[in-house]
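Asks: Chains as they are written, first to last, in UniProt numbering: chain A, 1 to 694; chain B, 1 to 513.
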Amino acid sequence: MSGKASSSQLSVSSSGSGGLSHVYIQHPPLRCNVPRSRGLFYDDGNKLFIIQVFSWKTAPFDPLVAPTSDLISEGPILSIRYSLDAKIIAIQRTSQEIQFFHRETGQNFCHKCNPESESILGFFWTDCPLCHFVLVKNSGLDLLACDAESKSLQLVKTRKLNVSWYLYTHESRMVLLASGMQCNTFSGFQFSSAGIVCLPKFEMIMAKSEANSKPVLAAEDVYIATIYGRIYCLQIDRVAMLLHSYRFYQDAVVQQGSLPIYSSQIAVSVVDNVLLIHQVDAKVVILYDIFANSRAPISAPLPLLLRGLPRSNSFTSRSTAKDSESPEANISDSESKIYGDDWTFMIPDLACDVSNKLLWKINLDLEAISACSSEVPSVLEFLQHRKLEASKAKQLCLAITHNLILERRPVLMVAKAVEVLMVSYSQALKTGSYLKGIKDTEVNAQFKSLKTNPKVNKEKLSGGAERSSTEVHISSSQSQQLGPANSPLNASVSERQESQLTSPAISPDEMYSFVFAPVEEEMVGDSSYLVAIILEFLRSASSVKKKVKPNINVLAIQLLARNERYAELSLFIINKVLEPSKKVAMQLLESGGQNSQVRKLGLDMLRQLSFHHDYVLQLVQDGYYLEALRYARKHKVVTVRPSLFLEAALASNDSQLLAAVLRFFSDFTPGFKTTSDCHTYNRILYEMNSAVAV
Amino acid sequence: MGMATANSGGSEGMELCIFDLRRGQQEGQELDKILFFFPADLPFSTQLSVIGLSEGLITFTRIFSPEAACELIEAERHSHVFYEAEPDIWMVMVVEKSKEAEAIWRIDALREVLKEIHSLFMMFYGPVREMLEKDPSGGLTRAHLYPFVMDYLSDFLVGKKTQLPSFRDCLKEFGTVQMLTVGREAAIEVQSLVRVLESGAGATHCYSLILFQDLLVSTTLSPDDTINLFAYAIQRLSPRALSSGASSWSYLRRGSTPSHVVVGPTFATVSVSDQFHHLPANSPSQDNSYHVKRPLQHNRWSKGKDGFLVTDIWGTETGSLIPSTPTIWLQQTGERMYLCAYQYKSLTLILLVPLSSILNGEQGVSLVKQQVLENASLKILKVEEKLSKGWGGENAYHVSGYRYLLIDDDRNVSRASPPAKVTTLAKESLLAMSKLREEVDLEKSRSKWDNADRDKDLEICIRVKNNAWVIARTTRGKELYMVLERANETLLYASDAFEKFSDRYCGGAFSLD
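1. Taking 7 Å as the cut-off, does the CB of residue 526 of chain A come closer than this to any heavy atom belonging to the ligand GDP?
2. Interface residues of chain A around residue 188 of chain B at Cβ under 7 Å?
3. So what's residue 224 of chain B in DSSP terms, helix, strand or just coil?
4. Taking the alpha helix (DSSP H) that residue 568 of chain A falls in, what are its first and last residues?
5. By DSSP, does residue 636 of chain A sit in helix, in strand, or in coil?
6. Could you tell me whether the stretch 509 to 522 of chain A touches the stretch 548 to 560 of chain A, using the rule of 3 or more Cβ pairs below 8 Å?
7. Note down, in chain order, each residue of its chain lying with its Cβ closer than 8 Å to the Cβ of residue 526 of chain A, except the 5 sequence neighbours on either side.
8. According to DSSP, is residue 539 of chain B part of a helix, a strand, or is it coil?
9. Assuming the contact rule is C-beta atoms closer than 8 Å, residue 518 of chain B and residue 82 of chain B should be a hit. Round their C-beta distance to whole Å, please.
10. Going along the chain, which residues of its own chain have a beta-carbon closer than 7 Å to the beta-carbon of residue 75 of chain A, five neighbours each way excluded?
11. Please list, in chain order, the chain A residues whose beta carbon lies closer than 7 Å to that of residue 474 of chain B.
12. When DSSP builds the beta bridges, which residues end up paired with residue 247 of chain A?
13. Should residue 194 of chain A go down as buried or exposed, given a rule of 16 or more other Cβ atoms within 10 Å for buried?
14. Can you grab the Cα-Cα spacing for the pair residue 494 of chain A / residue 289 of chain A, in whole Å?
15. Please name the residues in the stretch 358 to 386 of chain B whose beta-carbon is closer than 8 Å to at least one beta-carbon of chain A, in chain order.
16. Shortest alpha-carbon distance to residue 152 of chain A belongs to which of A:354, A:101, A:506?
17. Would DSSP call residue 323 of chain B helix, strand or coil?
18. Could you check the C-alpha separation between residue 109 of chain A and residue 144 of chain A for me, to the nearest Å?
19. Judging by CA-CA distance, which residue of A:137, A:640, A:207 is the nearest neighbour of residue 175 of chain A?
20. Could you tell me whether the Cβ of residue 423 of chain B comes closer than 8 Å to any Cβ of chain A?
21. Where does the unbroken alpha helix (DSSP H) through residue 361 of chain A begin, and where does it stop?
22. Count the other C-beta atoms from every protein chain shown that fall within 10 angstroms of the C-beta of residue 352 of chain A, then say buried if there are 16 or more, exposed otherwise.
23. Between residue 291 of chain B and residue 17 of chain B, what straight-line distance do the alpha-carbon atoms span, to the nearest angstrom?
24. Could you check which residue in B:124, B:467, B:79 has the C-alpha nearest to that of residue 297 of chain B?
25. Hey, out of B:295, B:92, B:321, whose CA is closest to residue 339 of chain B's CA?
26. At what residues does the alpha helix (DSSP H) containing residue 522 of chain A begin and finish?
27. What does a CB cutoff of less than 8 Å around residue 353 of chain B pick up in its chain, not counting 5 residues either side in sequence?
28. So, residue 116 of chain B versus residue 241 of chain B, is the Cβ gap smaller than 8 Å?
29. Using a Cβ cut-off of 8 Å (strictly closer), state whether residue 331 of chain B contacts chain C.
30. Consult DSSP for residue 262 of chain B and reduce its assignment to one of helix, strand or coil.
31. Let me make sure I understand the geometry here. Which of A:665, A:538, A:91 has the alpha-carbon closest to that of residue 576 of chain A?
32. So residue 532 of chain A contacts chain B; which residues on that side make the cut at Cβ distance below 7 Å?
33. Just to confirm before moving on: does the CB-CB distance between residue 208 of chain A and residue 239 of chain A stay below 8 Å?
34. Kindly indicate which three-state DSSP category residue 364 of chain B falls into: helix, strand or coil?
35. Would you mind giving the Cβ-Cβ distance between residue 418 of chain B and residue 438 of chain B, rounded to the nearest angstrom? I have them listed as a contact below 8 Å.
36. Looking only at DSSP bridge pairs, what is residue 108 of chain A linked to?
Right, dumping it as structure tokens:
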């Protein structure tokens with residue numbers, strides 16, 4: 001589904017792509033078909049998916065990527081990981097031995113541990129300055145460093161501990177070592193580039209099914225999740241049917257509350273900082289945004305959707321089976337099976353169908369999520385936290401706000417929505433994630449496409465039963481236009497945009513061009529509602545200490561003047577609710593055509609902002625010639641031509657005035673007496689006076 | 001009560017009448033013209049002679065100036081101030097001149113009083129002409145006018161005398177509003193509250209007025225309606241008005257008594273102003289068949305439990321004890337509106353809801369009130385907090401060394417030195433300023449006829465006997481008056497001081513050369 005198509009049905013109650021879901025996997029998957037292969041590994045340090053000697057890059061995810069292969073010697077592979085610079089491959093051969101291969105030179109060496117007392121549980125590479133390689137054994141950790149030629153490993157440090165099993169993610173750089181009878185006592189170490197952080201020991205709570213039973217915590221029941229840069233540990237308590245969460249701090253581990261689970265088999269993914277809890281038995285996913293304080297799920301549990309399959313396929317046939325014609329032959333049933341028995345989930349966002357050797361990337365369907373909630377401010381907040389599809393989130397935010405105003409939702413709600421956007425913008429500026437000068441045109445183009453279908457908006461305004469049917473019609477027609485062949489291409493397009501936009505934050509200027517200006521054009525009827533919204537917008541902007549561009553002020557003036565709400569307009573100006581600027585002043589002068597008081601406000605503003613030239617011109621235009629001259633003299637405005645005054649004075653047909661103006665220039669403008677203007681007007685004045693005399 | 005007290009009333013030195021030129025044109029029916037006369041106990045012959053003189057002059061001057069007839073008669077001992085309130089409905093005030101009694105008047109200020117009486121009357125009852133058409137006998141109009149004007153005048157009672165604005169009030173401007181200066185952030189909050197108020201009522205075209213203390217913060221009404229409602233609000237609805245009971249027009253008295261002293265409704269005031277509060281038996285309102293509401297009566301407003309102000313002036317709804325919600329009539333739209341006033345600490349909010357938009361009367365109004373409370377109470381707290389934080393107190397707008405009055409004619413806004421500070425000025429200074437203002441008034445009305453759409457620049461500087469500078473400058477619809485006592489003797493000094501003030505407090509509006 002392309003960005004364009006999706007954005008035109010942004011607030012449609014369900015996205016028209018086949019079924020209700022908030023999370024999808026995009027067909028086709030990465031097919032890792034290697035004949036006669038065993039063992040399937042994921043090297044999260046390098047984001048490589050490895051089967052024997054073949055490795056597939058999974059980031060960025062591209063189902064058509066070709067595998068690379070390395071030549072390694074024969075032998076069993078218990079585990080395999082590439083060094084972070086991808087020069088060395090480490091392969092665990094047995095529980096005592098790890099073999100290292102140089103990819104360039106083909107050299108190799110071995111590292112062994114004491115065969116009697118120890119066995120290797122696993123290993124990983126780190127970017128920690130102290131050590132490059134960490135070996136996890138049942139007796140503790142060995143921290144090893146490579147020598148300069150990378151020919152052997154030196155032991156830097158050992159930590160003695162009893163370890164039952166361990167857990168490591170490269171994302172968090174954190175290793176958790178389980179020990180104890182129930183395996184619920186944990187030691188944690190973080191190997192970050194800043195050094196090693198040793199966490200205090202902590203215990204995980206486990207409910208007992210019977211008084212004396214002592215359940216043992218399994219490695220599969222614990223996850224390390226990195227959400228918004230914070231590190232959490234999630235523990236499944238099968239007895240209590242709860243997912244406990246713990247947050248790691250430098251010096252403490254704090255329990256953060258629990259989430260309910262509804263399935264005996266649970267898997268956890270994190271996509272774009274959203275926590276996905278797969279209730280595997282029930283075949284549904286529940287989404288949580290841990291950023292918000294509430295522990296309530298973002299939306300109702302819905303199945304994981306397989307997208308991009310032809311319609312005839314059994315899974316999607318429910319909705320639109322009848323219109324589809326030629327099913328693609330090569331789609332096997334196995335590919336469309338969701339949550340198969342041997343599905344494994346890899347942190348953060350990959351799912352692997354082991355038996356079929358298929359790798360899926362899990363994606364969020366932002367449109368669907370945003371469409372499912374009527375709590376618009378919280379939806380916007382959610383969208384503003386999305387980094388992965390920042391540009392799509394941004395468009396969604398703009399479109400939602402746009403529609404919110406068009407539909408004349410309560411001012412308080414819109415105010416809250418706008419505030420969310422402004423707060424997020426100011427935060428993005430603080431953290432520097434809001435790139436200035438992002439390709440406006442691109443956003444613009446996409447937004448335009450959103451608006452190309454005015455029918456959608458109109459239908460929404462009119463409301464009623466037929467509205468939904470129309471929208472469904474639109475969406476289905478659009479999804480028909482997009483053949484399945486289109487999808488991978490579009491996916492790559494959105495990938496490109498992601499690299500440009502790192503934050504969905506919306507600047508006040510964009511609010512104007514993509515929300516207020518279009519809304520103003522489309523809105524019919526009383527504009528005081530829009531004024532109220534603009535005011536709330538100004539309020540949010542000022543509460544985060546951000547200035548708005550004059551164009552929004554100009555718009556507010558136009559709206560107020562159009563409704564002849566001059567009392568409010570002058571209050572807005574006098575109290576600087578609409579900040580003074582030349583544009584604002586000019587708009588006041590223009591709107592002041594109907595109301596002299598408004599015009600005066602504009603004049604005063606020009607004067608106070610020291611736009612002397614314009615001020616003098618306006619005074620002349622109003623017929624205050626002498627005042628204009630006095631002002632020009634005081635502020636040394638020399639840019640206004642004498643002839644302008646002279647012509648105006650002549651036009652007034654007042655010889656006294658003409659004389660005064662002439663005298664002024666003769667006295668105060670050096671060289672004026674020799675100009676042709678001087679002679680011409682002196683003659684005219686003479687004629688005027690003689691005419692009066694006669 | 002009755003005749004006896006009426007005679008002892010504080011009417012000396014002042015007569016006030018309202019008459020309709022379209023009535024009583026037949027011989028013998030002259031009495032029909034009179035809609036109101038104060039003092040009411042004057043014999044009809046005297047009343048008729050005052051009105052007859054006025055009518056004669058109006059008819060005579062109309063020959064030369066049909067649109068604007070007679071404005072003023074200056075006799076040796078009296079001034080007659082004319083005001084044509086509505087076509088052919090005239091108000092005339094006769095004041096006695098007396099140097100000793102400090103009865104030195106500025107005519108425009110007196111005319112503003114007449115204008116305010118009429119505007120307020122219209123705000124509550126609609127145009128006089130319409131009322132006359134409704135009841136051609138005039139009884140309805142007289143029954144309304146009499147108590148209304150008497151209630152109004154009772155505000156000017158000092159002791160037993162009606163004290164009209166004199167030269168001592170030259171640094172005040174009647175018929176304008178005084179505004180609170182607010183910062184941008186607070187202003188945005190206020191405006192946001194206004195939107196919530198007006199949209200919360202659910203009806204179309206509500207209006208609102210927000211006051212802090214006795215100062216206007218926001219209005220969405222037209223300028224004329226704003227002036228009227230503002231005047232009423234600070235007299236009867238503001239926290240000060242509620243707490244101080246039957247005090248006089250605060251614009252006259254403000255500052256001369258400490259504002260925080262709560263003066264309860266004392267018996268003394270009531271008994272002195274007997275004539276005002278209890279209508280004499282021989283008054284035209286004798287006819288009790290008219291049910292007359294007296295919105296200007298004192299001590300009839302109080303704060304209800306829910307924060308809304310309540311009054312029994314408008315009676316109660318038939319069959320219940322709930323007081324009816326007051327209604328007012330808007331000049332700009334000619335529409336009748338329910339007036340809901342809400343007060344929180346120093347903040348007074350007035351919401352006007354069209355009668356036509358509420359179908360089920362009081363029930364609907366209380367629903368609106370409830371909605372306002374639901375939607376806006378948080379914002380009200382916030383606004384009150386912001387405004388109180390920025391509030392500089394009674395003397396917030398005092399500028400040391402200056403006694404000033406700044407008027408913006410376009411917006412009908414004025415700001416002046418606090419009254420307590422003005423009273424420190426010498427009598428000479430005040431007299432000079434009053435005289436100067438009269439000159440400016442004259443000049444203004446002249447230029448209005450000469451060139452209606454252009455404002456004239458004017459500057460006058462006077463050195464008074466007591467060595468004070470009295471300065472006036474008008475420019476493009478703004479006026480600034482200033483008294484500088486104990487100042488340097490050079491004109492340069494005075495004009496420098498003036499420029500400085502203009503630059504700092506008027507955005508440079510008066511320093512054009």
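Heads up, the beta-carbon is just placed ideally off N, CA and C, and yes, glycines get one too.
All figures in this text were calculated on a predicted structure; none of them were measured in a lab.
Replies: In this structure, then:
1. Because no ligand of any kind appears in the structure shown, any question about the ligand GDP cannot be addressed here.
2. Along the second sequence, read from residue 1 onward, the residue named residue 188 of chain B stands at position 188. Result: 535, 538, 539, 542, 577.
3. Numbered from its first residue, the second sequence carries residue 224 of chain B at position 224. Helix, per DSSP.
4. Here residue 568 of chain A refers to the residue found at position 568 of the first sequence. Where residue 568 of chain A is concerned, the enclosing alpha helix (DSSP H) stretches over 566 to 574.
5. In the first sequence, counting from the first residue as 1, residue 636 of chain A sits at position 636. Coil at residue 636 of chain A, not helix or strand.
6. yes
7. Residue mapping note: residue 526 of chain A aligns to position 526 of the first sequence, counting from 1. Cβ within range, chain order: 563.
8. Residue numbering for chain B in the displayed model covers 1 to 513; residue 539 of chain B lies beyond these limits and cannot be assessed.
9. In this structure chain B extends from 1 to 513, so residue 518 of chain B is not present and cannot be described.
10. In the first sequence, residue 75 of chain A corresponds to position 75, counting from 1. Result list for residue 75 of chain A: 93, in chain order.
11. One-based indexing of the second sequence puts residue 474 of chain B at position 474. By Cβ distance, chain A contributes nothing, its closest Cβ being about 13 Å from residue 474 of chain B, past 7 Å.
12. On the first sequence, residue 247 of chain A is found 247 positions in, with the first residue counted as 1. Beta-bridge pairing links residue 247 of chain A to A:232, A:254.
13. Walking along the first sequence from the start, residue 194 of chain A turns up at place 194. Exposed, because fewer than 16 other Cβ atoms sit within 10 Å of the Cβ of residue 194 of chain A.
14. Within the first sequence, residue 494 of chain A is the residue found at index 494, counting from 1. Within the first sequence, residue 289 of chain A is the residue found at index 289, counting from 1. A caution first: residue 494 of chain A carries a pLDDT of 37, below 50, which makes its placement in the model unreliable, though a value can still be read off. When rounded, the distance between both Cα atoms is 23 Å.
15. 375
16. For the purposes of this step, residue 152 of chain A is taken as the residue at position 152 of the first sequence. Considering only alpha carbons, the answer is A:101.
17. On the second sequence, position 323 is the one that residue 323 of chain B refers to. Correct three-state label for residue 323 of chain B: strand.
18. In the first sequence, residue 109 of chain A corresponds to position 109, counting from 1. In the first sequence, residue 144 of chain A corresponds to position 144, counting from 1. Each residue's Cα considered, the two are about 14 Å apart.
19. The sequence position of residue 175 of chain A within the first sequence is 175, counting from 1. Minimum Cα distance to residue 175 of chain A is reached at A:137.
20. Taking the second sequence and counting its residues from 1, the one referred to as residue 423 of chain B is at position 423. Taking Cβ atoms only, chain A never reaches closer than 8 Å to residue 423 of chain B, which makes this a no.
21. To locate residue 361 of chain A, count along the first sequence from 1; it is residue 361. Per DSSP, residue 361 of chain A belongs to no alpha helix (DSSP H); it is in the beta strand (DSSP E), 358 to 364.
22. As a working note, residue 352 of chain A is residue 352 in the first sequence. Classification of residue 352 of chain A: buried, given that the 10 Å Cβ count is 16 or more.
23. Taking the first residue of the second sequence as position 1, residue 291 of chain B is located at position 291. Taking the first residue of the second sequence as position 1, residue 17 of chain B is located at position 17. Cα-Cα distance, rounded: 23 Å.
24. Taking the second sequence and counting its residues from 1, the one referred to as residue 297 of chain B is at position 297. Residue 297 of chain B has its Cα closest to that of B:124, out of B:124, B:467, B:79.
25. Here residue 339 of chain B refers to the residue found at position 339 when the second sequence is read from its first residue. Out of B:295, B:92, B:321, B:295 has the C-alpha closest to the C-alpha of residue 339 of chain B.
26. Locating residue 522 of chain A in the first sequence gives position 522, counting from the first residue. Unbroken alpha helix (DSSP H) run through residue 522 of chain A: 517 to 522.
27. What you label residue 353 of chain B is simply residue 353 of the second sequence in a count that begins at 1. 201, 203, 206, 337, 338, 340, 365, 368.
28. Working through the second sequence from its first residue, we reach residue 116 of chain B at position 116. Working through the second sequence from its first residue, we reach residue 241 of chain B at position 241. Going by C-beta atoms, residue 116 of chain B is not nearer than 8 Å to residue 241 of chain B.
29. Considering every chain present, this structure includes no chain C. Its protein chains are A and B.
30. Within the second sequence, the letter at position 262 stands for residue 262 of chain B. Here the model assigns residue 262 of chain B a pLDDT of 33, short of 50, so the residue's position is not dependable and the matter cannot be decided.
31. Taking the first residue of the first sequence as 1, we reach residue 576 of chain A at position 576. Looking at the Cα atoms, A:538 is the closest of the given residues.
32. The sequence position of residue 532 of chain A within the first sequence is 532, counting from 1. Chain B residues near residue 532 of chain A: 195, 199.
33. Taking the first sequence and counting its residues from 1, one reaches residue 208 of chain A at position 208. Taking the first sequence and counting its residues from 1, one reaches residue 239 of chain A at position 239. Against a cut-off of 8 Å, the Cβ pair of residue 239 of chain A and residue 208 of chain A comes out as a contact.
34. As a first step, residue 364 of chain B is located in the second sequence; it is residue number 364 there, counting from the start. Note: residue 364 of chain B maps to helix in three-state DSSP.
35. Translated into positions along the second sequence, residue 418 of chain B becomes position 418. Translated into positions along the second sequence, residue 438 of chain B becomes position 438. So it is not a contact: roughly 24 Å between Cβ atoms.
36. If you number the first sequence from 1, residue 108 of chain A lands on position 108. Paired residue(s): A:101.
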